[in-house]
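See below for the structure under consideration.
Residue numbers (our numbering), protein chains in the order written: chain A, 55 to 424; chain B, 55 to 424.
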């Protein structure tokens with residue numbers, strides 16, 4: 055009998071469904087009788103073409119991505135996209151950014167290398183614990199796009215819903231860095247111009263970047279844009295302008311199949327993941343709010359369902375807590391180095407039982423040390 | 055008993071050593087007792103830090119990369135590097151390129167988006183079958199760098215040795231796209247300023263790019279360079295400015311270990327691979343040159359030891375040949391779409407027995423159809 059796996063709360067790369075890893079291991083040397091592993095196949099082979107096509111159509115079905123969006127499989131992660139997006143879209147050189155955490159702040163800084171950037175809101179003084187209502191943002195007329203990060207992995211703040219820019223009188227496309235909450239909940243694609251995210255949280259291995267681009271938005275990039283990072287070119291070549299990260303796409307495809315079959319509370323697919331993510335977050339925040347030792351400091355209306363930073367009021371106990379948690383099979387709970395404290399990332403592949411185990415441990419630790 | 059694997063002659067992604075795939079499968083769900091697979095580990099974790107450090111030091115030992123070179127683990131492949139290199143190095147905007155095949159031609163075209171490009175030689179009229187002696191190249195004074203492709207994957211021409219630019223009176227650094235022959239033979243690093251290559255031929259999965267950069271050459275890139283692709287920044291952050299392609303680096307590390315242990319003809323490591331590659335190429339070219347049906351059209355002095363394009367003099371037999379070869383377990387022998395015909399890529403992981411099986415099949419096919 056196999057001993058139970060520890061629960062891995064890494065912010066990314068993050069835990070994957072065990073069934074996905076087991077299938078990948080079983081197929082490592084021979085994918086479906088081809089005599090080759092997926093890593094060894096030409097990206098132009100019919101075998102790999104079937105893998106990438108299936109992955110794209112499963113992702114489209116799962117996340118209900120409309121047909122007027124292209125799905126691109128790219129490389130470089132969100133940090134590269136922070137440059138690639140303005141290189142593709144900032145034709146007039148005016149970009150609005152909502153700075154609601156460490157990642158959108160980085161995006162604003164990088165975009166400022168290619169365009170004039172105006173921060174329509176910036177919560178740095180608040181320690182990135184809240185999101186001002188979009189109706190208060192100082193949106194400008196005629197900008198190339200408005201950027202936001204739908205979930206701030208480091209700070210643990212998440213948009214409960216995406217702003218409707220048109221209702222706010224803004225006709226610019228909305229660009230969403232959804233690295234850490236893509237596939238965790240439904241998105242209202244009618245509000246989105248372009249979204250992007252690294253795969254290494256809810257989707258698969260690091261080294262794969264998903265880009266969801268409204269087809270009408272894609273045109274020739276700025277002159278400085280490397281051809282390999284032109285959305286228009288990558289879309290035209292079906293993500294095969296350069297050799298795509300084939301094995302990462304295969305793993306992502308296995309995760310999409312797992313997600314499509316996922317069941318919870320009588321639901322299936324993204325609806326089931328959404329419901330489980332809601333329940334997992336409620337369970338963990340409930341425990342933190344009911345504790346005299348642990349605390350989460352984010353405005354409850356914008357708390358992230360994916361990344362839960364928390365602190366021990368007696369901070370000298372933090373290292374003891376982390377060491378004992380690790381011994382108890384609750385791994386990678388250390389907070390981001392810029393914030394200190396602890397952080398539990400509870401992406402799609404973290405089951406409710408993992409969050410329950412963490413909550414039980416928090417309460418036990420508090421009894422022993424509180 | 056396991057049935058033998060077919061031989062996979064793909065140009066890349068390409069075959070990997072079976073022992074590497076078997077170890078990766080065995081460790082997929084639990085790397086060395088951590089309870090986590092490598093794909094699931096934070097890139098900042100001590101476990102992954104040990105993986106990337108070991109991979110770098112093994113690669114440095116294997117390829118004898120001097121200490122005054124940084125080794126960077128990047129993303130985007132050679133096509134992205136075609137832009138990233140001038141974005142980092144073309145400070146005066148003057149670049150020389152030796153065009154000896156399809157890849158160096160692409161590099162010249164992409165570099166021309168960032169700099170004035172002068173082709174010091176161009177063999178397109180010759181069908182990329184030869185390499186004029188570097189002493190005949192029209193090298194210019196004071197350029198930012200001289201680019202060449204050490205092995206042309208599509209055309210099958212390879213530099214038997216890298217030019218010594220200083221002996222030719224040129225003080226510019228040499229930039230080498232070594233995607234398809236890195237680790238297949240020793241390089242004379244004293245002649246190189248910077249080298250780069252996609253991993254998916256001799257090293258591992260697609261989605262990982264190796265950059266070997268002389269430290270003295272790294273400085274602030276051009277203003278348009280995305281921060282994620284600044285050599286200087288990536289080096290300073292130990293390839294952790296953005297999340298690196300962690301699983302691909304792990305696989306590459308297993309391949310480096312395999313290569314360090316590789317033995318052939320009384321040799322070990324890179325010397326053994328070099329010797330086997332020489333013998334594999336001699337066996338295959340010998341069979342082609344001795345055939346009345348098959349032919350290789352490249353100048354014998356610059357024939358690639360990695361990629362062997364060949365043609366049937368009776369071209370109507372090509373499809374029959376490819377179908378029968380595939381049936382006989384000799385896979386992915388179709389030529390690049392721009393060239394037609396056939397191509398056998400015989401990278402490090404292709405054993406001598408695979409080339410012998412191909413030669414036997416060529417001779418058998420010729421007996422039956424010649």
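Every residue, glycine too, gets a C-beta built ideally from N, C-alpha and C.
DSSP three-state label for residue i, please.
i	result
residue 267 (chain A)	strand
residue 456 (chain A)	The structure shown does not extend to residue 456 (chain A), since chain A is modelled only from 55 through 424, so no value can be given for it.
residue 345 (chain A)	coil
residue 76 (chain B)	helix
residue 62 (chain A)	strand
residue 423 (chain B)	helix
residue 220 (chain A)	coil
residue 290 (chain A)	helix
residue 55 (chain A)	Per-residue confidence for residue 55 (chain A) stands at a pLDDT of 39, beneath the threshold of 50, marking its modelled position as unreliable; no derived number is given.
residue 245 (chain A)	helix
residue 199 (chain B)	strand
residue 81 (chain B)	coil
residue 212 (chain A)	strand
residue 356 (chain A)	helix
Which residue marks the beginning of the beta strand (DSSP E) containing residue i, and which one marks its end?
i	result
residue 150 (chain B)	148-153
residue 303 (chain B)	Here residue 303 (chain B) belongs to no beta strand (DSSP E); instead the alpha helix (DSSP H) covers 300-315.
residue 399 (chain A)	396-399
residue 362 (chain A)	361-366
residue 249 (chain A)	248-252
residue 125 (chain B)	123-128
residue 229 (chain A)	228-231
Would residue i pass as an interface residue toward chain A - the criterion being a Cβ-Cβ separation below 9 Å?
i	result
residue 208 (chain B)	no
residue 364 (chain B)	no
residue 295 (chain B)	yes
residue 64 (chain B)	yes
residue 55 (chain B)	Residue confidence is low: residue 55 (chain B) scores 39 on pLDDT, short of 50, so the model does not pin down where it sits. Its coordinate-derived value is still stated next. Chain A, which has no Cβ nearer than 9 Å to the Cβ of residue 55 (chain B), makes this no.
residue 97 (chain B)	yes
Let me check understanding here. Comparing Cα to Cα, which of the options lies closest to residue i?
i	options	result
residue 228 (chain A)	A:262, A:342, A:188 and A:356	A:188
residue 68 (chain B)	B:90, B:160, B:252 and B:99	B:252
residue 91 (chain A)	B:95, B:116 and B:62	B:62
residue 160 (chain A)	A:180, A:146 and A:137	A:137
residue 355 (chain A)	A:331, A:380, A:383 and A:213	A:213
residue 87 (chain A)	B:81, B:103, B:58 and B:89	B:58
residue 413 (chain A)	A:156, A:333, A:351 and A:352	A:333
residue 443 (chain A)	A:286, A:322, A:217 and A:374	What the structure shows of chain A is the stretch from 55 to 424, and residue 443 (chain A) is not part of that stretch, so it cannot be assessed.
residue 293 (chain A)	A:105, A:77 and A:80	A:105
residue 400 (chain B)	B:244, B:310 and B:327	B:327
residue 410 (chain A)	A:341, A:154 and A:139	A:341
residue 195 (chain B)	B:178, B:217 and B:223	B:223
Could you name the residues of the same chain whose beta carbon sits closer than 6 Å to that of residue i, not counting the 5 residues immediately before and after it, in chain order?
i	result
residue 269 (chain B)	122 and 124
residue 55 (chain B)	At residue 55 (chain B), the pLDDT of 39 sits below 50, so the modelled position is not reliable and the matter cannot be decided from this model.
residue 396 (chain A)	364, 387 and 389
residue 71 (chain A)	312 and 403
residue 259 (chain B)	302 and 305
residue 175 (chain B)	152, 186 and 191
residue 317 (chain B)	326
Excluding sequence positions up to five away, which residues of its chain have a Cβ less than 8 Å from the Cβ of residue i?
i	result
residue 158 (chain B)	151, 152, 201, 202, 203, 206 and 231
residue 147 (chain B)	168, 169, 170 and 198
residue 352 (chain B)	183, 184, 209, 210, 211, 358 and 363
residue 116 (chain A)	237, 310, 313, 314, 323 and 324
Hey, could you find the ends of the alpha helix (DSSP H) residue i is sitting in?
i	result
residue 208 (chain B)	Here residue 208 (chain B) belongs to no alpha helix (DSSP H), and DSSP marks it neither H nor E.
residue 157 (chain A)	156-165
residue 239 (chain B)	Residue 239 (chain B) -> no alpha helix (DSSP H), and no H or E assigned at all.
residue 143 (chain B)	131-143
residue 381 (chain B)	372-381
Does residue i come within less than 9 Å of chain B when only Cβ atoms are used?
i	result
residue 283 (chain A)	yes
residue 250 (chain A)	no
residue 76 (chain A)	yes
residue 84 (chain A)	yes
residue 301 (chain A)	yes
residue 59 (chain A)	yes
residue 93 (chain A)	yes
residue 69 (chain A)	yes
For residue i, which residues of its own chain have a beta-carbon under 7 Å away from its beta-carbon, when the five flanking residues on both sides are left out?
i	result
residue 345 (chain A)	416 and 420
residue 380 (chain A)	none
residue 126 (chain B)	265, 267, 285, 288, 289 and 293
residue 307 (chain B)	105, 108, 109 and 112
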